[in-house]
Amino acid sequence: MRVYLDNAATTPLDPAVMQEMCKVMENTYGNPSSIHAHGREARTLIERSRKTIANLLHTSPSEIFFTSSGTEADNTAIRCGIIDHGIKHAITSKIEHHAVIHTFEALEKAGVIKLSFVNVDAKGNIDYEHLDHCDTVQTMGHYKHDLSKLKAHFVVCSAHKLHGPKGVGFLHVSHRIKIKPLIYGGAQERNMRGGTENIYGIVGLAKSLEIAYAEMEQHQQHIQGLKTYMKEQLAETIPGVEFNGETDPDKSLYTVLNVSFPEMEMADMLLFNLDIAGISASGGSACSSGSDIGSHVLTAIGTNPSRPSVRFSFSKYTTKEEIDYTVAKVREFCMVNA
Ligand SMILES: Cc1ncc(COP(=O)(O)O)c(C=O)c1O
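Shown next as structure tokens:
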């Protein structure tokens, strides 16, 4: 059995998204900047995708800028927001993705800003009202964002987190703020991001968001149900198990369960053992499966480093049988090494 429980790192492509992308790959190869019919056909697909996304998020297509990734969207928002507006003091939190933290740190190192960190509690809760940027990579397609009501200047998305393709995302820049590009070149994306557009990716991104919105309640219920079930099963069968961060369904991401296991022998072999048993999960808390690159988040919320932590993250494709199998394998490992 192969079980994929690392959906926070990336999600499998939805077959309907792949089908839509393949149609474009087969039939549309014009450069969207060309004014002839081939180019216009590609341009139409991009603008149609932009409109689909804008409608779903209750915003204007003119505020959506396609990027190569969530990382590029984060970099653009932070670097250009700070530099173009002469910001001298920035605030972030220690539980952000490295696409956010490292960008701020680079600006601090270059002497552009003074950097402060907002406090987070032991469950990873922060006061979002104090922040004007918003790394929504893990929530896009999982929650309904109404950007007409959101006060954030910037919102970001990465398609591969919601069963879309890798290598494409977008940055939403509110009308209330103006920034210059991060990537200079041609006049693409209304002069905001040079580079020939990733047409297939953009079409796939729009399709994946469309599917996510159409099926959201049903998937949220399914995934939250599995998360609660796994939490209960682990708590019942493994003495001393705890959970890192907030787990209240109203306050935490329903796609992720971060588990803190009791101290045991061979603790650093737990993930490896799960992999051998066919289970893919992550030791960190960011996007890097199988590495502890994301553990800066667990450190920031003060988790005990001698207890092994595993991040299990679920998707609409995860099944109860997969959870049962995973709990049994984890339990087996904990019993043998207790
Ligand atoms: C919160 C968060 N921000 C940013 C990113 C980066 O997105 P991408 O993989 O598209 O560069 C990720 C995941 O990789 C993420 O989880």
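Per my numbering, residue -17 is the first one in the sequence shown, and the count goes up by one each step. Glycine included, C-beta positions come from ideal geometry on N, C-alpha and C.
query, result
"Boundaries of the alpha helix (DSSP H) in which A259 is found, first to last residue", "Looking at the DSSP string, A259 is not in any alpha helix (DSSP H), and its letter there is neither H nor E."
"Cutoff 8 Å; reference I69; Cβ partners in own chain excluding five residues on either side", "G63, I95"
"The stretch 190 to 199 / the stretch 136 to 144 touching (three or more Cβ pairs under 8 Å)", "yes"
"Residue range of the unbroken beta strand (DSSP E) whose run includes H67", "No beta strand (DSSP E) holds H67; DSSP gives it neither H nor E."
"Start-to-end residues for the beta strand (DSSP E) that takes in R293", "291 to 295"
"Alpha-carbon spacing of A268 relative to S262, whole angstroms", "Only weak support is given to the placement of A268: the predicted model assigns it a pLDDT of 43, under 50, and the value that follows is read from those uncertain coordinates. C-alpha separation (whole angstroms): 15 Å."
"Close-in-space but distant-in-sequence residues of the same chain around S271 (CB under 7 Å, 5 per side omitted)", "With a pLDDT of only 43 at S271, under the threshold of 50, the placement of this residue in the model should not be trusted; the figure read from the coordinates follows. Only D(-12), A(-9), S262, S264 meet the Cβ criterion."
"Contact under 8 Å by Cβ, V292 with V241", "yes"
"Exposure of V318, with buried meaning 16 or more beta-carbon neighbours within 10 Å", "exposed"
"Whole-angstrom distance between K298 and S15, CA atom to CA atom", "37 Å"
"Cβ shell of T300 (< 6 Å), same chain only, five flanking positions each side left out", "L208"
"Three-state class that DSSP yields for D128 in the structure shown", "coil"
"Residue interval of the beta strand (DSSP E) (run including S140)", "136 to 140"
"C-alpha gap between I108 and I305, whole angstroms", "30 Å"
"Pair within 8 Å by beta-carbon distance, V321 and A282", "In the structure displayed, the chain extends from -17 to 320; residue 321 sits before or after that span and is not available."
"G276 classed as buried or exposed, judged by whether at least 16 other C-beta atoms fall within 10 angstroms", "Unreliable placement is indicated for G276, whose pLDDT of 48 sits below 50; the coordinate value is still reported in the next sentence. Label assigned to G276: buried."
"S140 CB to nearest heavy atom of ligand 1 below 7 Å", "yes"
"Distance cut-off 7 Å: G207 Cβ against heavy atoms of ligand 3", "Of the ligands one can find in the structure shown, namely ligand 1, none is ligand 3."
"Min CB distance I73 to chain B below 8 Å", "Looking at the structure shown, chain B is missing, and only one protein chain is on hand."
"Nearest-angstrom Cβ-Cβ length linking A188 and S31, presumed shorter than 8 Å", "4 Å"
"S51 CB to nearest heavy atom of ligand 1 below 7 Å", "yes"
"K233 to Q215 span [Cα, whole Å]", "21 Å"
"heavy atom of ligand 1 below 7 Å from V119 C-beta", "yes"
"A81 Cβ short of 7 Å to ligand 1 heavy atom set", "yes"
"C-alpha distance - L89 paired with K162, whole-angstrom precision", "16 Å"
"Residue range of the beta strand (DSSP E) that includes N240", "238 to 242"
"Limits of the unbroken beta strand (DSSP E) element including V155", "151 to 155"
"As assigned by DSSP and simplified to three states, the class of S277", "helix"
"DSSP-derived helix/strand/coil call for E78", "coil"
"Reduced DSSP secondary structure (H/G/I, E/B, other) of T10", "coil"
"Integer-rounded CB distance, given that S75 should sit under 8 Å from F99", "6 Å"
"CB of A24 within 8 Å of CB of N37, strictly", "no"
"D56 beta carbon near ligand 1 (any heavy atom closer than 7 Å)", "yes"
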